[in-house]
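Next comes the structure, spelled out in structure tokens:
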């Protein structure tokens, strides 16, 4: 099936904020992630969601890292799950998280989750049962790759954000070199969802965004962003935009542009070598002004 190259079409922007608006007008984001030793990943996603305009952000994390995650940023809320002895979230938390998600607007699943088999079972359950739009990243993608048929039974719209290694595990194929060829591969993954509700953001130089029918090639970003945590930031930005009412397609496209632009602005100030993920978050306000 031929893909439409939509790269040159204008990028949909967020609506201006009404003077009478309140935090409830800008969405409730739920970030599900974290494990012992990986407290920073959900924190980065949560901070990026806040800096991208989400009204309320809640991080559902293992109790063992709750104090650490809460200490990064006072503006989001944290919910510690499991016992203090458990290093990661497990399948037994599925009902709690499904009930919590029902009160939210958009969900991010994956940052820092880890690869425990029980965690993988949790991811697969949430992927199928949560009806809200969901951004799926990192270890959640690896859990889906263990049972790729889950893509066919997603509970709602899904935005998958793999880097090349994660994409290869999902697709079972080496990643192509040219953007149009990578777009075709990513579109093929989208089409495994018969409802047409899956978006793929294939990260890297010239990030691809596709819904299986059309694709765009992102023009922002630089090699300094090849450092741990930048993908978690992107997850937060996309989820925030979905929570504020953008369609998954428009949210993914705008987020990749803004995220890359924040990286470019950070690199101009700090250099590519010294750039770290939190620098992207610090430069999001300037990116929104450009």
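Residue numbers (our numbering): 11 to 300. C-beta atoms are modelled at their ideal positions from N, C-alpha and C, and glycine is treated no differently. Treat the numbers as computed from the prediction; the structure is a model and nothing was measured.
Tell me, please, whether the segment 59-79 touches the segment 165-177 by the rule of three or more beta-carbon pairs shorter than 8 Å. no
Range covered by the alpha helix (DSSP H) that runs through residue 108: Indexing the chain shown from 1 puts residue 108 at position 98. Start and end: 104-111.
How about residue 81 and residue 67: are their beta carbons less than 9 Å apart? Reading the chain shown from its first residue, position 71 is the one you call residue 81. Reading the chain shown from its first residue, position 57 is the one you call residue 67. Contact flag unset, no.
Buried or exposed: which applies to residue 87, given that a residue is buried once 16 or more other Cβ atoms fall within 10 Å of its Cβ? As a working note, residue 87 is residue 77 in the chain shown. Residue 87 should be labelled exposed.
Taking one C-beta from the segment 58-67 and one from the segment 91-109 each time, how about it: are there three or more such pairs within less than 8 Å? no
For residue 5, report the span of its alpha helix (DSSP H) as first-last. In the structure displayed, the chain extends from 11 to 300; residue 5 sits before or after that span and is not available.
At what residues does the beta strand (DSSP E) containing residue 69 begin and finish? Numbered from 1 along the chain shown, position 59 holds the residue referred to as residue 69. Here the beta strand (DSSP E) through residue 69 covers 66-72.
Using DSSP's beta-bridge definition, name the partner residues of residue 119. By one-based count along the chain shown, residue 119 stands at place 109. Answer by DSSP bridge pairing, in chain order: 42 and 146.
Let me check understanding here. Comparing Cα to Cα, which of 29, 160, 247 and 178 lies closest to residue 133? By 1-based counting over the chain shown, the position of residue 133 is 123. The residue with the shortest Cα to Cα distance from residue 133 is 160.
Considering only their Cβ atoms, is the gap separating residue 143 from residue 179 smaller than 9 Å? Position 169 of the chain shown holds residue 179. Position 133 of the chain shown holds residue 143. Not a contact, by the Cβ cut-off of 9 Å.
Count Cβ pairs between the segment 39-59 and the segment 97-106 that sit closer than 8 Å; are there 3 or more? yes
List the whole-angstrom C-beta distance separating residue 193 from residue 218, where the pair is believed to meet the contact cut-off of C-beta under 8 Å. The residue you call residue 193 lines up with position 183 of the chain shown. The residue you call residue 218 lines up with position 208 of the chain shown. Yes, they are in contact, since the Cβ atoms of residue 193 and residue 218 sit about 5 Å apart, within 8 Å.
Looking at residue 247 and the ligand GTP, is the gap between the Cβ and the nearest heavy atom below 8 Å? No copy of the ligand GTP occurs in the structure displayed, which carries no ligand at all.
Is the CB-CB distance between residue 7 and residue 121 below 9 Å? Missing from the structure shown is residue 7; the chain here goes from 11 to 300 and no further.
Is residue 123 near residue 98, with beta carbons less than 9 Å apart? Position 113 of the chain shown, counted from the first residue, corresponds to residue 123. Position 88 of the chain shown, counted from the first residue, corresponds to residue 98. Yes; because the gap between Cβ atoms is below 9 Å, this pair is in contact.
Spatial neighbours of residue 23 within its chain, please: C-beta separation below 8 Å, excluding the five flanking residues on both sides. Working through the chain shown from its first residue, we reach residue 23 at position 13. For residue 23, where only same-chain residues beyond five positions count, the Cβ hits under 8 Å are 264.
Inter-stretch contact at 8 Å, needing at least 3 Cβ pairs: the segment 249-258 / the segment 226-236: no
Through-space distance from residue 141 to residue 258, alpha-carbon basis: Along the chain shown, read from residue 1 onward, the residue named residue 258 stands at position 248. Along the chain shown, read from residue 1 onward, the residue named residue 141 stands at position 131. Approximately 14 Å between the Cα atoms of the pair.
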